[in-house]
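Chains as they are written, first to last, in the working numbering: chain F, 1 to 297; chain W, 1001 to 1263.
Here's the structure we're looking at; comments come further down.
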Amino acid sequence: MAYIQGVMIIICVNLMGVLGVSLLTGFTGMFSFGHAAYMALGAYTSAILVGRLGMPFVVGLLAAAAFAALASVIIGYPTVRLVGDYFAIAALGFGEATRLILDNGGSLTGGARGFVGVPKHTTLPIAILIVVLGAILMRNIINSRFGRSFVAIREDKLAAEAMGINTARLRMLSLAISAAYAGVAGSMFAHYLTFLQPVMFDINKSTEFAATVVFGGLGSMTGSIIACIILTSIPEIFRPFYLWRMVFYGLALVTTIVLRPQGLLGSFEITFEGIRRFFATPFRRRVSAGGGARWQS
Amino acid sequence: MAVLELSGVTKRFGGLTAVSDFNIAIQEGELVGLIGPNGAGKTTVFNLITGMYAPTSGTIEFLGERVDGKKPFEIARRGIARTFQNLRLFKSLTALQNVAIARQLESRYSFFDAAFRTRAFRAEEKRVIKDSLELLELVGLGDKAYEKAKNLPYGYQRKLEIARALSLNPKLLLLDEPAAGMNPEESLSLMDFIEDIQEKFGVTIFLIEHHMEVVMGICDRIVVLNFGCTIAEGTPLEVQENEEVIKAYLGEVQNDNESNAQG
Chain F
1 MAYIQGVMII ICVNLMGVLG VSLLTGFTGM FSFGHAAYMA LGAYTSAILV GRLGMPFVVG
61 LLAAAAFAAL ASVIIGYPTV RLVGDYFAIA ALGFGEATRL ILDNGGSLTG GARGFVGVPK
121 HTTLPIAILI VVLGAILMRN IINSRFGRSF VAIREDKLAA EAMGINTARL RMLSLAISAA
181 YAGVAGSMFA HYLTFLQPVM FDINKSTEFA ATVVFGGLGS MTGSIIACII LTSIPEIFRP
241 FYLWRMVFYG LALVTTIVLR PQGLLGSFEI TFEGIRRFFA TPFRRRVSAG GGARWQS
Chain W
1001 MAVLELSGVT KRFGGLTAVS DFNIAIQEGE LVGLIGPNGA GKTTVFNLIT GMYAPTSGTI
1061 EFLGERVDGK KPFEIARRGI ARTFQNLRLF KSLTALQNVA IARQLESRYS FFDAAFRTRA
1121 FRAEEKRVIK DSLELLELVG LGDKAYEKAK NLPYGYQRKL EIARALSLNP KLLLLDEPAA
1181 GMNPEESLSL MDFIEDIQEK FGVTIFLIEH HMEVVMGICD RIVVLNFGCT IAEGTPLEVQ
1241 ENEEVIKAYL GEVQNDNESN AQG
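See the structure below:
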């Protein structure tokens, strides 16, 4: 039971990270291979504040979000103007640099040997509560002027600028939100494992986030959520072949690109309204109409 | 007072002078056409006005204030809207959302209002959607509001792009080849459409067009560019009879013979 609970908590942790990357990559069109770094910053911030300075867990969570967002603004300021691949590469460099700094952090971070003695706070109900709250806030953001502007930037940056959108500022905002989510994921992670090591937040972790979002479908939050649940639990089911995890990711990614380039759900969203309508429609009509509902705001 | 005034505007890309010493003053309520052969620098002029390029020299004034060197989004917010030669719609957004992008610029609700769906947020969203629907209704796209832009027929996409530009509440509207890819019949209905929106929205229009029947039919005044230089300016009739213009469009008979002989 404890094991299954543990897997579910890790799913919640990954979901927080994936929600953030989904906003950045799926909705704003910016690829990042450095999001594990924001998760690491959140994890260490929370571990130090709660573990060393004895602050409450809530403070740790909020500080993790705030510090990761702040770091993203500092990194983002010179890099959000970069387009396409250049931004992704800058993010990758930042990710690796952060890991190396944590590796050499001395007594503050415990260096490469790790940070021990983080108090355990992340229980399953708390993890679920945070994720549900995070998902609701994210949905609200996407269905606002901010969300529409993000998608407009993804669709056509030049046209968005010509329509009065300050694209540099909004790209920065999207990056900061996604970093805050990754920071919260890091805090949850730290207070579940009670032990941190910089190597946990290497490029593999960043790639995992990006791959999950692509697998779920760019521009679909619910797609990202389903993909995250599948991609986190399947390696656990095939625990004996754990070393093949990255192969599995690669395979899932290549298969998606070849067979379903739009991802599991494409840009389709599963909504409560859609589900309600699905079950309210008699089966025969549902089949002929194609079923489901599309996200509209 | 002139809505838009360009004085001595020059744009060089390395050794190439795309626009050379360009001058124009557009008065409120005018409909001015910009024509010229391919590569004459017409779109460059638009890109200079909207801040996509900074001029190498010269000044651009909008409503009496310098706007050259300002960022595109700042210029858009001041009231210059544009469309693009090859449609740049937000393709996977609905027609309504395309228009809402600019209608929401006046919304001042904060990020936290959005995240927690406060009353201020809901009231503003309601206004944005209402305004956007009204605008779509005005331009005759009311029944297409919930269609994705990419699923609309080409003619409607052209209209939607103009509607999107109008959603900025612009003082000046720049139309870059609005009739591109249209047959003569569609071009004629577009002419009516442009005259109609000018009347309804009281907007000053500066347009680039290749379809002569469109330009000659609706413009008060026409400027002709060739190789970045203004070669003629005047009413449609004056321009049509201008020898420089005929030369630029049809070439000189003598030159053609020479090059044929050499080839």
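A virtual CB, placed ideally from N, CA and C, is assigned to each residue, including glycine.
Note that the structure is a prediction, hence the values are computed from the model and not measured.
(request) Examine the Cβ distances between the region 214-224 of chain F and the region 79-96 of chain F and report whether three or more of them are shorter than 8 Å. (result) no
(message) Does the CB of F/Glu-269 have a neighbour CB from chain W at under 8 Å?
(response) no
(message) Output needed in chain order: residues of the region 1091-1105 of chain W with a Cβ under 9 Å from some Cβ in chain F.
(response) Lys-1091, Ser-1092, Leu-1093, Thr-1094, Leu-1096, Gln-1097, Asn-1098, Ala-1100, Ile-1101, Ala-1102, Gln-1104 and Leu-1105
(message) Give me the residue from W/Asn-1023, W/Pro-1055 and W/Thr-1010 with the minimum Cα distance to W/Ala-1232.
(response) W/Asn-1023
(request) Name, in chain order, the residues that DSSP records as bridge partners for F/Phe-27. (result) DSSP, once it has assigned bridges, lists no residue as partnering F/Phe-27.
(message) Run through the DSSP bridge pairs and tell me what W/Asp-1143 is partnered with.
(response) The partner list for W/Asp-1143 (beta bridge, DSSP) is empty, contrary to what the question assumes.
(message) So that I know if they touch, is there some Cβ in chain F lying closer than 8 Å to that of W/Arg-1082?
(response) yes
(request) Ignore the nearest five residues each way along the sequence and tell me which others in W/Glu-1195's own chain have a CB closer than 7 Å to its CB. (result) Ile-1218
(request) Could you tell me whether the region 165-178 of chain F touches the region 50-67 of chain F, where touching means 3 or more Cβ pairs closer than 8 Å? (result) no
(request) Starting from W/Pro-1072, find everything on chain F with Cβ-Cβ shorter than 7 Å and list it in chain order. (result) Glu-161 and Ala-162
(message) Here's the rule: buried if 16 or more other CB atoms are within 10 angstroms of the residue's CB, otherwise exposed. What is W/Thr-1235?
(response) exposed
(request) For W/Ala-1114, decide whether its Cβ has a neighbour in chain F, counting only Cβ atoms nearer than 8 Å. (result) yes
(request) Reducing DSSP to helix, strand and coil, say where W/Arg-1088 ends up. (result) coil
(message) Can you find the residues in the same chain that come closer than 6 Å, C-beta to C-beta, to F/Met-30, ignoring five residues on each side of it along the sequence?
(response) Leu-24 and Phe-87
(request) Pull up the CB-CB distance for F/Leu-61 and F/Ser-178, whole angstroms please, since I reckon it's below 8 Å. (result) About 16 Å; that fails the 8 Å criterion.
(message) So the candidates are F/Ala-180, F/Leu-158 and F/Arg-277; which of them puts its Cα closest to the Cα of W/Asn-1086?
(response) F/Leu-158
(request) Look at F/Met-172 and F/Gly-20 and say whether their C-beta atoms are less than 8 Å apart. (result) no
(message) For a cutoff of 8 Å on Cβ pairs, would you count F/Thr-28 as touching chain W?
(response) no
(message) Measuring straight from C-alpha to C-alpha, what distance separates W/Arg-1122 and W/Phe-1116?
(response) 10 Å
(request) With distances taken Cα to Cα, identify the nearest neighbour of F/Val-118 among F/Phe-57, F/Met-200 and F/Phe-279. (result) F/Phe-57
(request) Measure from the C-beta of W/Phe-1111 to each C-beta in chain F and report whether the shortest distance is under 8 Å. (result) yes
(message) For W/Ile-1080 and W/Pro-1170, which I take to be in contact (beta-carbon distance under 8 Å), what is that distance rounded to the nearest angstrom?
(response) 6 Å
(message) By the DSSP assignment, the alpha helix (DSSP H) with W/Gly-1217 in it spans what residues?
(response) 1212-1218
(message) Less than 8 Å between CB atoms is the rule here; does F/Gln-296 satisfy it with respect to chain W?
(response) Confidence at F/Gln-296 is low in this model, with a pLDDT of 39, below 50, so its placement is unreliable and no value can be given for it.
(request) Step through the CB atoms of chain W and report whether any lies within less than 8 Å of the CB of F/Ser-144. (result) yes
(message) Under 8 Å, Cβ to Cβ, is there at least one residue of chain A near F/Leu-137?
(response) You won't find chain A in this structure, because its protein chains are F and W.
(request) Apply the 10 Å Cβ neighbour rule to F/Gly-17 and answer buried if 16 or more other Cβ atoms are within range, or exposed otherwise. (result) buried
(request) Using the DSSP secondary-structure output, state which residues sit across from W/Leu-1016 in a beta bridge. (result) W/Phe-1013
(request) Could you tell me which residues DSSP puts in a beta bridge with W/Leu-1031? (result) W/Ile-1205
(request) Indicate whether at least one CB of chain F lies closer than 8 Å to the CB of W/Thr-1043. (result) no
(message) Counting only Cβ pairs nearer than 8 Å, list the residues of chain W close to F/Thr-167.
(response) Phe-1073
(message) Within 8 Å, do at least three Cβ pairs link the region 238-254 of chain F to the region 202-213 of chain F?
(response) yes
(request) Grab me the residues of W/Leu-1004's own chain with a C-beta within less than 6 Å of its C-beta, minus the 5 sequence neighbours each way, in chain order. (result) Ile-1026, Phe-1062 and Leu-1172
(request) Quick one: using the 10 Å Cβ neighbour count with 16 as the cut-off for buried, is F/Val-131 buried or exposed? (result) buried
(request) Would you tell me roughly how many angstroms separate the C-alpha atoms of F/Ile-270 and F/Ile-136, rounded to the nearest one? (result) 13 Å
(message) Check for me: the beta strand (DSSP E) holding W/Ile-1222 runs from which residue to which?
(response) 1221-1226
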